[in-house]
Amino acid sequence: MADKGNNLDDLIGSSSQPIIVQESGGDKKFLYTLIIILVVLFIIALGVIAFISGKYFGNKDSNNEQDIATAKVSKPINSTNIQKAAATPASKTIKEEIEVAKNSNSNSVSELEKLVQEQEQTTKVEPKIAKPKPVEKKQKEQSAIAKAASAATGGKALSSEELAKIAQLVAQELAKSKTQTTNTSSTQSSKDDALIASLQSAQTDTLKTQNVDTSNVKDSKVNTSSKKVDTFNKVVVKEQAGGDDEIAKLSSEIDSILQSSEVADKEKSLKYGKELKQEISSREREMRFIVVRQGDTLSSLAYKAYGRASAYKKIYQANPDLVKNPNRIYIGMKLRVPVDQEYIKQQGN
Amino acid sequence: MKKLAIAFLTLAGVLYSSENVLVKLTEDTPYINIKDNGVNVKISRIQDTANRLNDDFTRTSRLCPPHCIPKIQIDGIKTIGELELIDFIKNKVYKKKGILVDARLKGAYRLETIPGAISIPFTVIQVDSKKITNSLFKALGAKVQSDGSYDFANAKELAVFCSGLWCESSVKLAKGLIEKGYPKDKVLWYRDGLQAWKLLGLTTVVHKAKEVKK
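Here it is as structure tokens:
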């Protein structure tokens, strides 16, 4: 048994030798364990692959999104970034993206297109400059609009002000891309050069002063897992739980010093100490928790804590979990109950 | 064979359990571990990127004086920030070369403090008693020599903090220690205190007194 066990390769690999394993019960057992282990390994491998690929693709997606967002918002001066963002996806995906954007807010996109056209007319480039191919231009324009819309709105409807802002930006970027394509073309007069230069400098300035609203740009790495996140990050430790720990020993040593009457007297006599004690007592109240029991509602808890049911908003606002999902309190949930402001004022006076 | 299987299973377990830490301490350190009263505490940050502080440590205005804004450096005491403090916890407190000192009153320490900290209220150093200073310095690793002077060769490094920027307790303690002879290069001051610690969503501990009597 031991020999066969060691010689794994013989068991699996060689077909020329008759399989001896069938003979004894022990060997059968060994085969079963082998199969089980192989299955387990296979599952683990699958899991690992899923884990790695999920991570990889997840990151990739969000990176893309962020690239576009940053290209649009935080680095608007670097036109190549935006060009890249607009130009890299193939023509199919552009159309798809426009569809998506249109679905999410069809009004705003069409409105946006109009605005862009208007803007374009105002910042029109001299007709002398060699134009890029119209089809390409149209595609670029559309994709840029779609990108801008999807990056900036995050699904929300846009106000006309925001639309105008975005349209302005897009138009400027398009104008810029035009100038860039002309840069690469070989036939250029000095007049054109001067025009391009002036255009570029002008655009840079306007973009620099542009007050872009970043509030709608999504943080690409928000924790979206359904697992409950600990929003308190507080660990409860019993004092001197581990008596032989050096820090705990030191702590108790100092405690014994504190217990001497001189230190206690000093603490009482200090005005500063008194004020600190007030702060501590108000903090003790500030940090109160209520554990939700059966039949509790936010207003009944508010009545318990403040004497009036209408004060439920205080509890609601003090608990991030509730703000996210105000309709759910459950039995055993720990709710933070902030102290009455009036109480703090009383303490202060 | 069994060992191999176990090894693989543990590997798989580690892979699955390794949480995706989005909010790390630094780029390469997701969290650190420290012992507090014999209990292992993981110092990490709150993972909810939408979380905000509530009433704890959000009070903006206390009377000044006495709760005034401190300078960045006081009397040449070395000022440190969060990362230096985390490094201090990791390399000094953990290896028992240093002590993290909460300079506030004991009540405040019990309510909430930085993991691994011990309580040395500033009042201790303000007492004019050679006996108390002696026992304090002894606890901190200094030797009391026959002529009454101290030998600080084995004295521990201290990182002192209190509630926050507005809090003077840590300054009082640090100044007092140095006045009474503690070497200046062994005292660090975490100026921003618990307020900044909380603002970054870092782990805190609540100390429950041994016996709660009401």
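Chains as they are written, first to last, in my numbering: chain H, 1 to 349; chain C, 1001 to 1214.
We put the CB at the ideal spot given by N, CA and C, even for glycine.
Residues bridged to residue i (per DSSP)
{"i": "C/Phe1161", "result": "C/Asp1102"}
{"i": "C/Thr1113", "result": "C/Val1205"}
{"i": "C/Ser1119", "result": "C/Asp1102"}
{"i": "C/Asp1128", "result": "Bridge partners of C/Asp1128: none, in fact."}
{"i": "C/Tyr1150", "result": "C/Val1144"}
{"i": "C/Leu1188", "result": "C/Lys1078, C/Ala1159"}
{"i": "H/Val235", "result": "C/Val1205"}
{"i": "H/Lys334", "result": "H/Val291"}
8 Å contact criterion, which residue i and residue j should meet: CB distance rounded
{"i": "C/Asp1075", "j": "C/Lys1175", "result": "6 Å"}
{"i": "C/Lys1198", "j": "C/Leu1025", "result": "Not a contact, Cβ separation roughly 15 Å."}
{"i": "C/Gly1201", "j": "C/Ser1170", "result": "Incorrect: roughly 22 Å between the Cβ atoms, too far for contact."}
{"i": "C/Val1101", "j": "C/Ile1118", "result": "6 Å"}
{"i": "C/Glu1168", "j": "C/Pro1030", "result": "Not really, about 34 Å apart at Cβ, beyond 8 Å."}
{"i": "H/Val235", "j": "C/Val1041", "result": "5 Å"}
{"i": "C/Thr1123", "j": "H/Lys266", "result": "5 Å"}
{"i": "C/Ile1089", "j": "C/Ile1043", "result": "7 Å"}
{"i": "H/Val237", "j": "C/Asn1037", "result": "5 Å"}
{"i": "C/Leu1111", "j": "C/Val1206", "result": "7 Å"}
{"i": "C/Glu1097", "j": "C/Lys1156", "result": "It should be noted that the sequence gives Lys, not Glu, for residue 1097 of chain C. Right, their Cβ atoms sit about 6 Å apart."}
Range of the contiguous alpha helix (DSSP H) that encloses residue i
{"i": "C/Phe1088", "result": "1082 to 1088"}
{"i": "C/Val1171", "result": "1169 to 1179"}
{"i": "H/Lys304", "result": "298 to 306"}
{"i": "H/Ile257", "result": "246 to 258"}
{"i": "C/Lys981", "result": "Coverage of chain C is limited to positions 1001 through 1214, which leaves residue 981 of chain C absent and any answer about it impossible."}
{"i": "C/Lys1095", "result": "C/Lys1095 -> no alpha helix (DSSP H), and no H or E assigned at all."}
{"i": "C/Lys1024", "result": "Premise fails: C/Lys1024 is in no alpha helix (DSSP H) and is neither H nor E."}
{"i": "H/Lys313", "result": "312 to 318"}
{"i": "C/Trp1197", "result": "1193 to 1199"}
{"i": "H/Asp265", "result": "261 to 269"}
Any C-beta of chain C under 9 Å from that of residue i
{"i": "H/Ala311", "result": "no"}
{"i": "H/Ile247", "result": "yes"}
{"i": "H/Val292", "result": "no"}
{"i": "H/Leu335", "result": "no"}
{"i": "H/Ile329", "result": "no"}
{"i": "H/Val39", "result": "no"}
{"i": "H/Asn325", "result": "no"}
{"i": "H/Tyr272", "result": "yes"}
{"i": "H/Leu301", "result": "no"}
{"i": "H/Lys234", "result": "yes"}
{"i": "H/Lys28", "result": "no"}
{"i": "H/Leu31", "result": "no"}
{"i": "H/Leu322", "result": "no"}
9 Å Cβ cutoff, residue i in contact with chain H
{"i": "C/Leu1083", "result": "no"}
{"i": "C/Trp1189", "result": "no"}
{"i": "C/Asp1087", "result": "no"}
{"i": "C/Glu1027", "result": "no"}
{"i": "C/Thr1123", "result": "yes"}
{"i": "C/Phe1161", "result": "no"}
{"i": "C/Leu1105", "result": "yes"}
{"i": "C/Gln1047", "result": "yes"}
{"i": "C/Gly1148", "result": "no"}
{"i": "C/Lys1092", "result": "no"}
{"i": "C/Ile1114", "result": "no"}
{"i": "C/Ile1120", "result": "yes"}
{"i": "C/Glu1168", "result": "yes"}
Residues near residue i by beta carbon distance below 7 Å, same chain, minus five either side
{"i": "H/Ile331", "result": "Val292, Arg293, Gln294"}
{"i": "C/Lys1184", "result": "Gly1076, Ile1077, Ile1178"}
{"i": "H/Asn211", "result": "In this predicted model, H/Asn211 has a pLDDT of only 44, less than 50, meaning its place in the structure is not dependable enough to derive any value."}
{"i": "C/Val1187", "result": "Ile1077, Leu1158, Val1160, Ala1174, Leu1177, Ile1178"}
Residue range of the beta strand (DSSP E) that includes residue i
{"i": "C/Lys1042", "result": "1039 to 1043"}
Close Cβ partners of residue i (< 8 Å) along its chain, the five nearest in sequence each way excluded
{"i": "H/Ile254", "result": "none"}
{"i": "H/Ala309", "result": "Ser299, Ser300, Ala302, Tyr303"}
{"i": "C/Lys1002", "result": "none"}
{"i": "C/Gly1164", "result": "Phe1057, Asp1192, Gly1193, Leu1194, Gln1195, Ala1196"}
{"i": "C/Asn1154", "result": "Gly1141, Ala1142, Lys1143"}
Same chain, Cβ closer than 6 Å to residue i, five either side skipped, listed in chain order
{"i": "H/Ser24", "result": "Unreliable positioning characterises H/Ser24 in this predicted model, as indicated by a pLDDT of 43, which lies under 50. The coordinate reading is nonetheless provided below. Excluding residues within five positions, none has a Cβ falling inside 6 Å."}
{"i": "C/Asp1180", "result": "The displayed chain sequence assigns Lys, not Asp, to residue 1180 of chain C. Thr1133."}
{"i": "H/Glu275", "result": "none"}
Any C-beta of chain A under 9 Å from that of residue i
{"i": "H/Leu298", "result": "In summary, chain A is missing from the structure at hand, where the protein chains are H and C."}
Residue i CB to nearest heavy atom of the ligand ATP below 8 Å
{"i": "H/Leu276", "result": "For the structure depicted, the ligand ATP is absent and the ligand set is empty, with no information on it obtainable."}
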